[in-house]
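Residue numbers (this note's numbering), protein chains in the order written: chain P, 1 to 206; chain W, 207 to 924.
Right, here's the structure in full:
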């Protein structure tokens, strides 16, 4: 009995430490990110992903750090290198979790970096691809607030460009806010961004 | 209980401190400079760190035994060290630069890339449809690149002193046998294939890879789109006809179908041209692409059919009432390819194309009908050793079956033709010694049944990066190409025409600006000669023809310096002489211009949601023989000028209105002269200027894309 207890306690404590390492690691990486240390953050997320073989989240964040830090860059060589690494992360993440709406949104975001960098070159080429990704994400998860908001923001950009009415997309943004309010996270580390930006756009709509 | 707690304490404490091994070392680049930010960790564990500004790193691990230490950093090659953890101390790690990064050297001699995957893009896929003079034809868009000659009445690609037949076109690596649409004399032809099918194009004006044979001067490589983005329906209403297309996507499959009908009759009723049309130009065309992706590969099936007919009476100086010319052409093309990954390092491309072309001509009182059936089968393997070293090899098989029937009043039908079988194998390697030095070498061996000879052609290309934004490339190659169908149908006992290319290229590429200059020399051997005006069944043929071409190509593109303006400028200097066909002696052929200039500019008008563009083309005069004077090809026409304008107006995301006007200034260009067969009463041979059928061409189109709330439009289809 005593022996069984020992083993039981022992194995429990070991799983607890493993859990702890993941959480600690993720928290540390988010810490790096929020203090602007993007290389450190991306590297740490990547290291965590090497230990967490069946978890798409560290790869998702490694890619997200690289994608978001590429917006506004001017050097094509750097953007290409960054996004190449991010694309690798996304591809690996898709291998773990196929048909994942959050990953589709991130993939769309990656293409948007190119459109933002050189709209004349990449806009016509990639806008269809980006739309296709949002449409696919919407099919998979019509009630995911990020999908609803990101799709609406993208479409709103197109409508503004052509001087079209943006009210239908404002409605979508409003809907995303309702979804954000009731959105439940699967784990504390699941994607949970977009609400602030959606609120901002909702304000502009008024 | 106490005992349990004690054991537990021991175990837990042990887990923390027990067996902690320190791993440390230093990361440098090839030159010995420290690299900061390298991600270093034991694979499959949480243990790792990042190198500091001195390239140093240190971390602890509780892992034991042999482990994989992974060192990765953006723009460097990842390195994996397999070692016992206890030996991972004082590691000296050297990372090599990633040669696939954007700032690495490119093998550029002779080549223009148009695609998003290429590092230096001279022409973007969209340029095909937004270049004023191109009217949506990829061929015409590439005519604004240096190294091409302006042969306005022809419309095909003439590369560096070569005839149009010397440039071959490939779709997905598979040969296209009849790439150009049928057209009347003095009316430029167009490529048969719509530009929106392709997302990558490479145009090589010399020194190309051993993968491509049977081309003496150039190759144009077109790659079809792998996966369409969304389901949609396209509708186009044009001043010259209409087009409808639809794309469906299901599971791993997609199917795109397009049909079009072009009829020039309404246009010619409004804008008459110099021809007397009996039956104006009319084309019915349809094409379909089916794609299926497998877990390790992609299958593409492309098929196109078109049927052209027209009849007109063309001016002729020897025949007062003109010469009637009637043509019916049917063309079927099937291109299938499979690209797949065999294992981690092996990939394969297998492809087959089949062409069936049938043309029936009626010229004055004679009738000619010909049938061509051609096959190209290809198999290519690629072995990937690393980013720095790859080898590919493969085999090609070509089969052409050509039959022609000739009928004239009082003469019974004559039939002749040939069957041409040709096989070739090739091997090629690509090696990057560093980010600044790359070499490509290949060899191609072709065997021809007629000539019963093995022809070996070596090709080599070297590139060296001289500074951050500039590089120099060199290339050399031998090229063989069988004589054209026009010759082979009468005579097959000939040597294989050969060309040799020598190329020096300098390229500067920085922040939206590209400067590319290329010096080249080209030698021709074994060109076909004959002793009649045109190749005929009773001509005497030899392989004694020779020729040369040398020149300078300059290309400049800039899309950054002026806001909302993207422009490029091409200049080609070409010095070329030949002694071939029925030439009396070596002379500058009539398809050669010494100087060629193209200027293409596009301006985006934000407020008008419009892109306006212009393209200007200048070419110095071409040679012709004036029988009233001494000598052969003794005169030159006046220089050629053409200014084209276009305007694309985006009504909404899915509706585009497009206008274009070719030769807006209505310059009266002369492509050459035709002289009377017999001298007039004053002993002079009268002449007639060969002018384009119309000086100007006007086009209006409305393009509408219907997709589920989509953003797609047909800007890429114009």
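Built from N, CA and C at the ideal position, the CB exists for glycine as well.
Check whether residue i and residue j have beta carbons under 9 angstroms apart
i: residue 735 of chain W; j: residue 686 of chain W; result: no
i: residue 302 of chain W; j: residue 640 of chain W; result: yes
i: residue 806 of chain W; j: residue 337 of chain W; result: yes
i: residue 851 of chain W; j: residue 867 of chain W; result: yes
i: residue 488 of chain W; j: residue 465 of chain W; result: no
i: residue 436 of chain W; j: residue 101 of chain P; result: no
i: residue 63 of chain P; j: residue 96 of chain P; result: no
i: residue 140 of chain P; j: residue 156 of chain P; result: no
i: residue 121 of chain P; j: residue 285 of chain W; result: no
i: residue 652 of chain W; j: residue 661 of chain W; result: yes
i: residue 683 of chain W; j: residue 413 of chain W; result: yes
i: residue 688 of chain W; j: residue 672 of chain W; result: no
i: residue 264 of chain W; j: residue 253 of chain W; result: no
i: residue 257 of chain W; j: residue 233 of chain W; result: yes
i: residue 340 of chain W; j: residue 782 of chain W; result: no
i: residue 817 of chain W; j: residue 854 of chain W; result: yes
i: residue 897 of chain W; j: residue 876 of chain W; result: yes
Check: residue i C-beta below 8 angstroms from any heavy atom of the ligand FMN
i: residue 370 of chain W; result: Summarising the ligand content, the structure contains no ligands, and the ligand FMN is consequently not present.
Residue i versus residue j - alpha carbon distance
i: residue 510 of chain W; j: residue 536 of chain W; result: 11 angstroms
i: residue 60 of chain P; j: residue 43 of chain P; result: 12 angstroms
i: residue 597 of chain W; j: residue 638 of chain W; result: 12 angstroms
i: residue 786 of chain W; j: residue 880 of chain W; result: 20 angstroms
i: residue 911 of chain W; j: residue 362 of chain W; result: 31 angstroms
i: residue 350 of chain W; j: residue 237 of chain W; result: 42 angstroms
i: residue 559 of chain W; j: residue 154 of chain P; result: 41 angstroms
i: residue 310 of chain W; j: residue 75 of chain P; result: 15 angstroms
i: residue 189 of chain P; j: residue 230 of chain W; result: 31 angstroms
i: residue 865 of chain W; j: residue 343 of chain W; result: 15 angstroms
i: residue 529 of chain W; j: residue 386 of chain W; result: 24 angstroms
i: residue 886 of chain W; j: residue 893 of chain W; result: 11 angstroms
i: residue 186 of chain P; j: residue 424 of chain W; result: 58 angstroms
i: residue 490 of chain W; j: residue 360 of chain W; result: 22 angstroms
i: residue 200 of chain P; j: residue 127 of chain P; result: 23 angstroms
i: residue 132 of chain P; j: residue 502 of chain W; result: 23 angstroms
i: residue 590 of chain W; j: residue 648 of chain W; result: 16 angstroms
i: residue 255 of chain W; j: residue 298 of chain W; result: 16 angstroms
i: residue 878 of chain W; j: residue 828 of chain W; result: 7 angstroms
i: residue 81 of chain P; j: residue 108 of chain P; result: 18 angstroms
i: residue 904 of chain W; j: residue 698 of chain W; result: 45 angstroms
i: residue 193 of chain P; j: residue 146 of chain P; result: 7 angstroms
i: residue 848 of chain W; j: residue 800 of chain W; result: 17 angstroms
i: residue 205 of chain P; j: residue 334 of chain W; result: 39 angstroms
i: residue 909 of chain W; j: residue 144 of chain P; result: 35 angstroms
Nearest candidate by alpha-carbon position, reference residue i, set the options
i: residue 300 of chain W; options: W/283, W/288, W/293; result: W/283
i: residue 198 of chain P; options: P/49, P/122, P/178; result: P/178
i: residue 777 of chain W; options: W/909, W/763, W/449; result: W/763
i: residue 52 of chain P; options: W/839, W/251, W/533; result: W/251
i: residue 504 of chain W; options: W/523, W/543, W/512, W/486; result: W/543
i: residue 860 of chain W; options: W/438, W/355, W/346, W/506; result: W/438
i: residue 371 of chain W; options: W/271, W/473, W/690, W/524; result: W/690
i: residue 562 of chain W; options: W/520, W/356, W/609; result: W/609
Partners in chain B for residue i, counting only beta-carbon separations shorter than 7 angstroms
i: residue 82 of chain P; result: Reference to chain B is not applicable here, since the protein chains of this structure are P and W.
Residues that DSSP places opposite residue i in a beta bridge
i: residue 720 of chain W; result: W/715, W/763
i: residue 170 of chain P; result: According to DSSP, which records beta bridges pairwise, residue 170 of chain P is partnered with nothing at all.
i: residue 241 of chain W; result: None, per the DSSP bridge assignment.
i: residue 386 of chain W; result: W/397
i: residue 651 of chain W; result: W/631, W/662
i: residue 847 of chain W; result: W/824
i: residue 408 of chain W; result: W/319, W/427
With three or more C-beta pairs closer than 8 angstroms as the rule, is the segment 136–156 of chain P touching the segment 458–477 of chain W? no
So, do the segment 284–291 of chain W and the segment 82–95 of chain P have three or more beta carbon pairs nearer to each other than 8 angstroms? no
Is the number of C-beta pairs between the segment 725–733 of chain W and the segment 429–442 of chain W that are closer than 8 angstroms three or more? no
The segment 238–252 of chain W / the segment 263–281 of chain W touching (three or more Cβ pairs under 8 angstroms): yes
Would you call the segment 665–681 of chain W and the segment 388–408 of chain W touching, i.e. three or more CB-CB distances under 8 angstroms? no
Closer than 8 angstroms is the cut-off here; do at least three beta carbon pairs connect the segment 372–388 of chain W with the segment 749–765 of chain W? no
Assess, as a yes-or-no matter, whether the segment 546–555 of chain W is touched by the segment 567–580 of chain W under the definition of 3 or more beta carbon pairs within less than 8 angstroms. no
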